[in-house]
Amino acid sequence: RVPQGDWRVTVDAGAGAAAGQTSGQFPVVNSTSETLLAKYGFWLDPPSLRGIQATISAEEGDAQNGRLAWGGFLPALHILPASLVELAWRSGDFHLDSSEAARQFMLNQIGILGFAPVREIGPFERTTFKGWDAWQATGRSQFSYEDVAWLIFYTPEVDKT
-18 RVPQGDWRVT VDAGAGAAAG QTSGQFPVVN STSETLLAKY GFWLDPPSLR
32 GIQATISAEE GDAQNGRLAW GGFLPALHIL PASLVELAWR SGDFHLDSSE
82 AARQFMLNQI GILGFAPVRE IGPFERTTFK GWDAWQATGR SQFSYEDVAW
132 LIFYTPEVDK T
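Under my numbering, the residue at position 141 of the sequence shown is numbered 122, and the numbers go up by one with no gaps.
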């Protein structure tokens, strides 16, 4: 990590009796991951698949409650390759002790489930994510061929979130 700001680079070169010097200035800006860390308190690497350029397509909320959609598409004739990650967070203890509680949390607390309307949400099954207890479910988008998956977990670093 490097500090954001204007940087100046100076290069000295010499060969035999000849010598020269040049310099240039360029702006250094924080990466999107750095910006997300400063705003919301989490680090997220950009989604990467097939060299698709990821951009933020939805962002709302604050460090306690919010939503982020980050990714992109490659335009193609019949197939639309996509590389997407969507993240929603809520502060609080939602008593996610059963698969039905996890389903109700998704439907009632998160609400917006994906880039397109969802036609099916599979059963929620217990799993772990980075050593944390979690619930995972798969689903299908209404208007496209995409399979989607959701992962719900508490992050202990910030109490119950």
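Using N, Cα and C, we set each Cβ at its ideal position, and we do this for glycine too.
Taking the C-alpha atoms as reference points, what is the distance between residue i and residue j?
i        : j       : result
LYS141   : LEU55   : With a pLDDT of 42 at LYS141, under the threshold of 50, the modelled position of this residue cannot be trusted; read the value that follows with caution. Each residue's Cα considered, the two are about 37 Å apart.
PHE110   : THR16   : 24 Å
ALA115   : ARG100  : 23 Å
GLY73    : HIS59   : 43 Å
PRO8     : THR(-9) : 15 Å
ASP78    : GLN117  : 13 Å
TRP(-12) : LEU18   : 23 Å
SER112   : ALA(-4) : Looking at the sequence shown, residue 112 is not Ser but Gly. So the alpha carbons of these two residues sit roughly 57 Å apart.
ARG84    : PHE23   : 24 Å
ARG121   : THR36   : 23 Å
PHE75    : GLY92   : 15 Å
THR143   : ILE133  : No statement about residue 143 is possible, as the shown extent of the chain runs from -18 to 142 and does not include it.
TRP131   : GLN6    : 44 Å
ALA44    : THR136  : 13 Å
SER80    : THR119  : 13 Å
ALA82    : ILE102  : 14 Å
LYS20    : LEU94   : 22 Å
ASP153   : ALA57   : This structure cannot speak to residue 153, because the chain is shown only from -18 to 142.
VAL(-17) : ALA(-2) : 37 Å
Taking 8 Å as the threshold (C-beta atoms), are residue j and residue i in contact?
i     : j     : result
LEU49 : LEU68 : yes
TRP70 : ASN89 : no
Would you mind working out which of the options sits nearest residue i, comparing C-alpha positions?
i        : options                             : result
GLY52    : GLN45, TRP70 and GLY32              : GLY32
GLN34    : GLN45, ILE91, THR13 and ILE93       : THR13
GLY(-14) : GLY(-3), VAL10, ALA(-2) and ALA(-4) : VAL10
PHE105   : ILE91, MET87 and LEU94              : MET87
VAL129   : VAL(-17), GLU81 and PRO98           : PRO98
Per DSSP, what kind of secondary structure is residue i in: helix, strand or coil?
i     : result
ARG84 : helix
LEU65 : strand
SER14 : helix
Practice prompt. Inspect the CB distances between the region 17 to 33 and the region 58 to 66 and report whether three or more fall short of 8 Å.
Written response: yes
Discussion item. Could you check whether the region 36 to 49 touches the region -5 to 12, counting it as contact only if at least three pairs of C-beta atoms, one from each stretch, sit closer than 8 Å?
Written reply: no
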